[in-house]
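Below is one structure, written out as structure tokens; the observations come after it.
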Amino acid sequence: MKNFMMLKACVLAILVFSNSCKHERLVPTSTAPLIQLKSNPTLGSYLSDSLGYTLYYFSNDFDGKTNCSGGCLNIWPIYYAGENLTQEKLPTGLNIADFATITTSSGARQTTYKSWPLYYYAPVVNGVNVREAVNETKGEGVGNIWFVAKPDYSIMLVNAQLVGNNGKSYKSDYTEGTGRTLYFSDEKGNTLYGFKPDSFNINKYTRADFSNNAVWPIYETDKVVVPSTLDKTLFGTANVFGKKQLTYKGWPIYYFGLDSMKRGLNKGITVPSVGVWPVIVAGMTPAPK
């Protein structure tokens with residue numbers, strides 16, 4: 001009887017241990033962040049999903065909404081991290097406050113970073129859309145409107161219609177009409193301007209007491225992190241009464257106060273008249289010396 005009881009106890013112990021191990025195998029043990037920070041020598045730091053697939057911005061998403069649809073989405077599938085994204089599921093260097101979720105026109109959910117919708121890249125290979133491999137960044141610069149999502153851009157490119165403070169639409173040459181213009185924005189898509197009376201690295205607008213800075217705020221940074229299609233050496237800084245204002249080809253860079261830091265607005269192009277405060281574009285002529 002004693003031997004039987006000992007055998008029964010051993011069997012029960014084995015069963016308990018077996019069930020416990022089985023339960024543990026069913027519980028995910030991965031602690032990999034839902035979004036990763038990757039790096040390569042050319043592009044520096046950029047965002048990927050939890051598996052290492054690169055995430056991208058689309059310059060046509062000037063208003064923070066998804067402007068890629070239909071066949072575009074076959075090549076650039078949307079990325080959605082899920083509703084349970086928390087600070088604990090992000091790596092050091094990323095802030096949960098920079099992430100949000102939007103709903104596309106088709107009803108799909110999409111994750112945004114610094115108000116930019118995020119996408120994958122799946123080019124056509126032998127007639128089929130195939131997502132690029134882990135750690136690949138071949139979508140960078142495609143059409144000059146697709147760029148890897150970086151955490152530290154100081155300049156991004158926005159492709160949008162110019163609409164002045166007068167409500168009229170303008171083309172890139174500042175004649176009335178419709179058509180997108182590819183221009184510079186800050187990392188969150190806010191429009192950046194130059195001032196025609198300025199000269200090379202010299203701000204002729206801002207007063208020493210900054211009493212007019214709210215009207216045309218200076219873009220105060222000396223950081224140059226830009227899409228790979230832009231030449232970093234063309235950026236510099238102007239010293240504006242002790243503050244560093246970013247310049248491009250010698251043109252000091254500003255915001256427009258009435259844009260209210262709302263992405264996609266470019267009202268300043270008609271204030272006080274058309275072209276006095278143009279948007280900053282890659283092909284603009286250098287500021288006069």
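So for the sequence shown, our numbering puts the first residue at 1; every next one is plus one.
The beta carbon of each residue, even a glycine, is placed where N, CA and C say it ideally should be.
This structure is a prediction, so every number in the text was calculated from the model and none was measured.
Checklist entry - Between the beta-carbon of Asn212 and the beta-carbon of Tyr219, is there less than 9 Å? => result no
Next on the checklist: Restricting to runs no shorter than 3 residues, where is the beta strand (DSSP E) found entirely within the segment 205–247?
Outcome noted: 235–240
Checklist entry - Where does Thr311 fall in DSSP's three states? => result No answer is possible for residue 311: the residues shown for the chain start at 1 and end at 289.
Item to check | Rounded straight-line distance, which links the Cα of Tyr80 to that of Leu47 | outcome: 13 Å
Checklist entry - Can you tell which of Asn40, Gly167 and Pro33 has the C-alpha that lies nearest to the C-alpha of Ser228? => result Asn40
Checklist entry - What are the partner residues of Val125, as DSSP defines its beta bridges? => result Val128
Checklist entry - Which runs of the beta strand (DSSP E), 3 residues or longer, sit entirely within the segment 140–172? => result 146–148 and 156–163
Next on the checklist: Out of Gly242, Trp251 and Leu230, which one is the CA nearest neighbour of Gly236?
Outcome noted: Trp251
Item to check | Where Arg263 falls, given that 16 or more other Cβ within 10 Å makes a residue buried | outcome: buried
Item to check | Every unbroken alpha helix (DSSP H) within the segment 50–134, with a cutoff of 4 residues, ordered by chain | outcome: 72–75
Next on the checklist: Here's the rule I'm using: 16 or more other beta-carbon atoms within 10 Å means buried, otherwise exposed. How should Gly194 be labelled?
Outcome noted: buried
Checklist entry - According to DSSP, is Gly177 helix, strand or coil? => result coil
Checklist entry - In chain order, what residues of the same chain have a beta carbon less than 7 Å from the beta carbon of Asp98, not counting five sequence neighbours either side? => result Tyr113 and Lys114
Checklist entry - What does DSSP give as the partner residues of Phe184 in its beta bridges? => result Leu157
Item to check | Under the three-state DSSP convention, the category Gly44 falls into | outcome: strand
Next on the checklist: Tell me the rounded alpha-carbon separation between Lys196 and Trp277.
Outcome noted: 6 Å
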